[in-house]
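K.L.:
Quick one: the structure is below, and I'll ask about it shortly.
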Ligand SMILES: NC(=O)c1ccc[n+]([C@@H]2O[C@H](COP(=O)([O-])OP(=O)(O)OC[C@H]3O[C@@H](n4cnc5c(N)ncnc54)[C@H](OP(=O)(O)O)[C@@H]3O)[C@@H](O)[C@H]2O)c1
């Protein structure tokens, strides 16, 4: 385990225990002894106990960690408190399971995982989800590597094309509106670089996708060596409760976000496989947790997540690495929504509503929902650098992450709660 990860788990375990100090004394002592005399400190550290902790007065987690390291005579990174060797797992499983020998997995992995939730969730406020990117190694040389990014007319795609170009990649920027002279396309073209080429690409059109495959293939110095990366970024969004959303809308969003991703990936995989390259799919936090009034978007992003996982498993033995980037709320920074587009969607939706739905919900309810959506659309982070960094890491690190979470604390914590706690609990917190 990397030192930083190990330290996180240690801090998590310590915090877990501190939380229990406030519970009944009998329980404290039993549990603390279990942790301290169990697999945590299986090599001669039995002198430590919860009483020591109480007498010592309050300490920060880091101070406590240092104190224990000192007491044990171990240095940071020795792993005396490694996750496997104790921590919350043993506590949850009771005394019988906590005396497991070093380097053996405690019995009852289920209990271990269950009991890890709490320290992970509660410890989440101690670390920044996006600021801990590390490079164990980076692929070299970036300069000779070709990358295609879809949806580069605006938003993340536009910024990514420029960012990856600045990093030295040979960038093919797929643009929906190249034919129509979109401003974003003009700006990318104005860079006049032989390493940045805009190409007409509607991901819903198999014909256009195949054309771009040929453009890329014929531009490569050695097509047999393949191309390095594909970033599936193109996407659209909409909103509306299930009863307000037409089947056409569901299909339209899926056609771009989901089938567009599948189509483009399938067409480029032969080139990517040859390079043992990378596929990076831009999903969303809404690909991990659902939200009311966002079902047409959520289902496509959940689909992108499933597709990415299946592809990752399949490509593992072939050397292709697949990552998912799950941005949080960057609505104000991109063109995914605008006040005009919300009004246009709302008008069309109301006009097309079945009479029974219109009558049952009423215009007042409908307008309130639209107003809520308008507020949401003027929110979010304006700084998209965490998304740029995530995609760059996925393309360049020797061991890219499976998932990246460029989002603020609020959404990060909410996502952890919604994905790791039982539905009844997250419903209680968030569904009102
Ligand atoms: N912004 C956020 O808060 C956020 C959060 C999570 C995930 N995401 C995801 O990030 C990705 C990029 O979105 P964005 O926020 O940067 O929005 P954006 O500014 O609207 O960018 C989306 C891009 O995709 C293009 N596009 C739309 N339909 C296409 C098609 N059929 N074929 C090819 N390109 C197409 C759009 O072209 P036109 O401009 O010409 O229409 C646009 O350039 C999307 O997958 C989105 O779901 C965004």
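Residue numbers (my numbering): 2 to 433.
Cβ coordinates follow ideal geometry from the N, Cα and C atoms, glycine included.
Per DSSP, residue 173 is paired with what?
P.N.:
149 and 198
K.L.:
According to DSSP, is residue 181 helix, strand or coil?
P.N.:
coil
K.L.:
In its own chain, which residues sit with a C-beta less than 6 Å from the C-beta of residue 416, not counting the 5 before and 5 after it?
P.N.:
286, 289 and 290
K.L.:
Say yes only if the C-beta of residue 183 is nearer than 7 Å to one or more non-hydrogen atoms of ligand 1, and no if none qualify.
P.N.:
Taking 7 Å as the cut-off, one finds at least one heavy atom of ligand 1 near enough to the beta carbon of residue 183.
K.L.:
Taking only three categories from DSSP, how would you classify residue 232?
P.N.:
strand
K.L.:
Tell me whether the beta-carbon of residue 230 lies closer than 8 Å to the beta-carbon of residue 279.
P.N.:
yes
K.L.:
Using only the heavy atoms of ligand 1, determine whether one of them is closer than 7 Å to the beta carbon of residue 157.
P.N.:
Remark: the C-beta of residue 157 is in contact range of ligand 1, defined as less than 7 Å to any heavy atom.
K.L.:
Thinking residue 235 and residue 257 are a contact (beta carbons under 8 Å), I'd like their distance in whole angstroms, please.
P.N.:
Contact annotation, residue 235 with residue 257: C-beta distance approximately 6 Å; criterion of less than 8 Å satisfied.
K.L.:
Do the CB positions of residue 329 and residue 409 come within less than 8 Å of each other?
P.N.:
yes
K.L.:
Distance check for residue 271 and residue 165, CA to CA, integer angstroms please.
P.N.:
For residue 165 and residue 271, the distance between alpha carbons rounds to 22 Å.
K.L.:
Please look up how many angstroms separate the CB atoms of residue 175 and residue 155, rounded, as I've assumed it's under 8 Å.
P.N.:
The C-beta distance from residue 175 to residue 155 rounds to 12 Å, too long to fall under 8 Å, and the pair is not in contact.
K.L.:
What span of residues does the beta strand (DSSP E) with residue 435 cover, start to end?
P.N.:
Because the chain is modelled from 2 through 433, residue 435 falls outside the range shown and cannot be assessed.
K.L.:
Measuring CA to CA, which of 216, 375, 372 and 326 is closest to residue 405?
P.N.:
326
K.L.:
Below 8 Å CB to CB, which residues in the same chain sit around residue 426 once its five sequence neighbours on both sides are set aside?
P.N.:
The beta carbon of residue 426 is closer than 8 Å to those of 418 in its chain, skipping five residues each way along the sequence.
K.L.:
Thinking C-alpha only, which one of 182, 259, 374 and 261 is nearest residue 333?
P.N.:
374
K.L.:
State the Cα-Cα distance for the pair residue 149 and residue 254, rounded to the nearest angstrom.
P.N.:
22 Å
K.L.:
Cutting at 7 Å between CB atoms, please list the residues of its own chain near residue 244, excluding the five before and the five after it.
P.N.:
Cβ neighbours of residue 244 beyond the five flanking positions: 358.
K.L.:
Are residue 297 and residue 250 touching if we call contact CB-CB under 8 Å?
P.N.:
yes
K.L.:
For residue 138, is the beta carbon positioned less than 7 Å from some heavy atom of ligand 1?
P.N.:
no
K.L.:
Does the distance from the CB of residue 173 to the CB of residue 140 come in under 8 Å?
P.N.:
no
K.L.:
Expressed to the nearest angstrom, what Euclidean distance is found between the alpha-carbon atoms of residue 310 and residue 301?
P.N.:
14 Å
K.L.:
Can residue 1 and residue 151 be called in contact, C-beta distance under 8 Å?
P.N.:
Nothing can be reported for residue 1: it is not among the residues displayed for the chain, which extend from 2 to 433.
K.L.:
Expressed to the nearest angstrom, what Euclidean distance is found between the alpha-carbon atoms of residue 303 and residue 238?
P.N.:
14 Å
K.L.:
Using the beta-carbon count (16 or more within 10 Å), is residue 350 buried or exposed?
P.N.:
buried
K.L.:
Indicate whether residue 388 and residue 157 have their beta-carbon atoms separated by less than 8 Å.
P.N.:
With contacts defined as CB atoms closer than 8 Å, residue 388 and residue 157 qualify as a contacting pair.
K.L.:
Quick one: what does DSSP say residue 283 is sitting in, helix, strand or coil?
P.N.:
strand
K.L.:
Does residue 348 pass the burial test, meaning 16 or more other C-beta atoms within 10 Å, or should it be called exposed?
P.N.:
Exposed, by the Cβ-count rule.
K.L.:
Identify the continuous alpha helix (DSSP H) that holds residue 168 and give its terminal residues.
P.N.:
Neither: residue 168 is in no alpha helix (DSSP H) and is coded neither H nor E.
K.L.:
Thinking C-alpha only, which one of 429, 169, 202 and 192 is nearest residue 178?
P.N.:
202
K.L.:
Ends of the alpha helix (DSSP H) at residue 388?
P.N.:
386-397
K.L.:
Counting along the chain, where does the alpha helix (DSSP H) carrying residue 349 start and finish?
P.N.:
340-353
K.L.:
Is the beta carbon of residue 162 sitting closer than 8 Å to the one on residue 217?
P.N.:
no
K.L.:
Below 6 Å CB to CB, which residues in the same chain sit around residue 171 once its five sequence neighbours on both sides are set aside?
P.N.:
147 and 196
K.L.:
Does the distance from the CB of residue 381 to the CB of residue 331 come in under 8 Å?
P.N.:
yes
K.L.:
Given that a residue counts as buried once 16 or more other Cβ atoms are within 10 Å of its Cβ, and exposed if not, what is residue 335?
P.N.:
By the neighbour-count definition (other C-beta atoms within 10 Å, threshold 16), residue 335 is a buried residue.
K.L.:
Within a Cβ cutoff of 8 Å, which residues of the same chain sit near residue 189, ignoring the five residues on either side of it in sequence?
P.N.:
For residue 189, where only same-chain residues beyond five positions count, the Cβ hits under 8 Å are 153, 159, 162, 163, 174, 176, 197 and 199.
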